[in-house]
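Structure first, then comments.
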Amino acid sequence: MDVSLLISPAIRVGLLGAVGLLSGVSAWAQTATVPRSRTFVLTSTATVPVPSAGTKTLDLWLPVPHADASQDVRDLKIESPVPYKIEQGEYGNQMLHLRMATLPTAPLVVKLTAQITRREHLNLRANAPLATAVAKTKKEKSDPDLARWLAPDRLVPLDAKIRQQAGEVVAKAGAKTPLAKARAIYEHVVSTVTYDKTGQGWGRGDIYYACDARRGNCTDFHAIVIGYCRALGIPARFSIGLPLPVGRGKGEIKGYHCWAEFFTPETGWVPVDASEAAKNPDRRAYFFGAHDENRVEFTRGRDVELTPRQAGPPLNYFVYPYAEADGKPLEVARTYEYADITAQ
9 MDVSLLISPA
19 IRVGLLGAVG
29 LLSGVSAWAQ
39 TATVPRSRTF
49 VLTSTATVPV
59 PSAGTKTLDL
69 WLPVPHADAS
79 QDVRDLKIES
89 PVPYKIEQGE
99 YGNQMLHLRM
109 ATLPTAPLVV
119 KLTAQITRRE
129 HLNLRANAPL
139 ATAVAKTKKE
149 KSDPDLARWL
159 APDRLVPLDA
169 KIRQQAGEVV
179 AKAGAKTPLA
189 KARAIYEHVV
199 STVTYDKTGQ
209 GWGRGDIYYA
219 CDARRGNCTD
229 FHAIVIGYCR
239 ALGIPARFSI
249 GLPLPVGRGK
259 GEIKGYHCWA
269 EFFTPETGWV
279 PVDASEAAKN
289 PDRRAYFFGA
299 HDENRVEFTR
309 GRDVELTPRQ
319 AGPPLNYFVY
329 PYAEADGKPL
339 EVARTYEYAD
349 ITAQ
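Start counting the sequence shown at 9; every next residue gets the next number (the numbering used here).
Here you go:
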């Protein structure tokens, strides 16, 4: 039996960090290449209702999981009664698009299945004194959109108030370096925001709502993390997809999950998940520098312009199917299901 499976992720990260401190950069590089992974079949089903009489065109966009350093996508299959295209969007995003010029007489059902392998994303440089030395030996691919991750989003403005709030957080922590500042922001958000989906206003990723209400879901947590980092000149980016239960098996996934990364020259991109840390206090240290394998990423970025461009305004985020009838948004029913194949 692999004894590593008996060690919790938080303890495992601590052990790996200790090995790096004792053995130097070469040991860090060796341990950093053994993340946990999870392989499963994902099924996404979108059902578009029959639009109102007189509708001339119907467009549907469906997010398609993309492959990257933390995620493999294989055996992608799509069942659709009408022709479609897989389009490339911004930031490496992929999406299915179809357009119907003839009014359907029955609901349009499009089903996507794919085998996903999701790997734990660990960046031990986030917590290691050897970060500078490691960065010199382990170069990661540069992000061509780095400037975008310093810019505001519609609901995450970088105005004087946000800059002041961010500055107060890092000043209180005595943080001087970009890494220390990002850590101070993370700790501040986890300590002062409650995961609470009651009432109204949560779930939009509105930084002013999140800062005032001090509660919300993952979108609200990461609006503050990303907004404060960007306000201090630290690039930060947003990703969204689906969460998977920790226990292996199969079932339906009811909602979405989102997370963040920030960039420093010493560490490269550092994964953080402030909302999961708030829900699981014993994993607070783990989620600064790690994303677990129990997720699948759909898209990156906010204020999303689809391909081809939708008639409506940019989407706040793109995790669910989106449809337009003659350029007007149309409600789409969706279901997501997973079935584990292997666990490592």
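Ideal placement from N, C-alpha and C gives every residue a C-beta, glycine not left out.
In the same chain as Ala347, and ignoring 5 residues on each side of it, the C-beta atoms closer than 7 Å to its own belong to Phe48, Val49 and Lys258, in chain order. Under the three-state reduction of DSSP output, Ile86 falls in the strand class.
Secondary structure at Thr227: helix, using DSSP grouped into helix, strand and coil. Partner residues in the beta bridge of His299, as assigned by DSSP, are His129. Inter-segment contact for the region 261–273 and the region 84–104 is absent: fewer than three beta-carbon pairs are separated by less than 8 Å. Distance from the CA of Pro165 to the CA of Ala239, rounded to the nearest whole angstrom, comes to 9 Å. Across the structure, Pro112 and Leu252 are spaced so that their CA atoms are roughly 34 Å apart. In the assembly as shown, Ala122 is a buried residue. Its beta-carbon has 16 or more other beta-carbons within 10 Å. Under the 8 Å Cβ criterion, the region 265–284 does not count as touching the region 331–341, having fewer than three qualifying pairs. Residue ranges of uninterrupted alpha helix (DSSP H) with 4 or more members, entirely inside the region 169–227 and ordered along the chain, are 186–200 and 215–221. Residue environment for Leu154: exposed (fewer than 16 other C-beta atoms within 10 angstroms of its C-beta). Secondary-structure assignment with DSSP links Pro337 through a beta bridge to Glu332.
Annotated three-state conformation of Val233 is helix, per DSSP. Ala122 is bridged by DSSP to Leu50. Rounded to the nearest whole angstrom, the CA to CA distance from Lys85 to Pro73 is 12 Å. Note that the C-beta distance between Arg256 and Arg126 is not below 7 Å. Counting along the chain, Ser150 sits inside no alpha helix (DSSP H), nor does DSSP assign it H or E at all. Looking at the DSSP output, Thr307 sits in a beta bridge with Ile248. Excluding five sequence positions before and after Ala231, the CB atoms of its chain that fall closer than 6 Å to its own CB belong to Val164, Gly213, Ile215 and Ala218, given in chain order.
Annotated as distal: Leu187 and Thr51, with beta-carbon spacing of 7 Å or more. Around the C-beta of Lys180, fewer than 16 other C-beta atoms lie within 10 Å, and the residue is accordingly described as exposed. Taking the Cβ atoms as the reference, Phe246 lies roughly 5 Å from Arg310, within the contact range of under 8 Å.
Shown here, Arg238 sits in a helix according to DSSP, grouped into three states. DSSP places Glu284 outside any beta strand (DSSP E); the residue lies instead in the alpha helix (DSSP H), whose first and last residues are Ala282 to Lys287. If you ignore the 5 residues before and after Pro243, its C-beta comes within less than 7 Å of the C-beta of Leu154, Trp157, Leu158, Phe270 and Phe271, all in its own chain and listed in chain order.
According to the DSSP assignment, Leu323 belongs to no beta strand (DSSP E), since it is labelled neither H nor E. In the displayed model, Arg291 falls within a helix according to three-state DSSP. Across the structure, Ala331 and Lys205 are spaced so that their CA atoms are roughly 26 Å apart. Straight-line spacing of the CA atoms in Arg82 and Ile124 works out to 6 Å.
By the CB criterion at 7 Å, Glu195 and Glu301 fall outside the cutoff. The C-beta distance from Val118 to Leu70 rounds to 6 Å, short enough to meet the 8 Å contact threshold. Boundaries of the beta strand (DSSP E) around Arg107: Gln102 to Met108. Residues of the same chain with a CB within less than 6 Å of the CB of Pro160, apart from the 5 flanking positions on each side, are Leu166 in chain order. The continuous beta strand (DSSP E) containing Gly259 extends over residues Lys258 to Glu260. Exclusion of the five residues before and after Glu284 leaves Phe295 as the residues of its chain whose Cβ lies within less than 6 Å of its Cβ.
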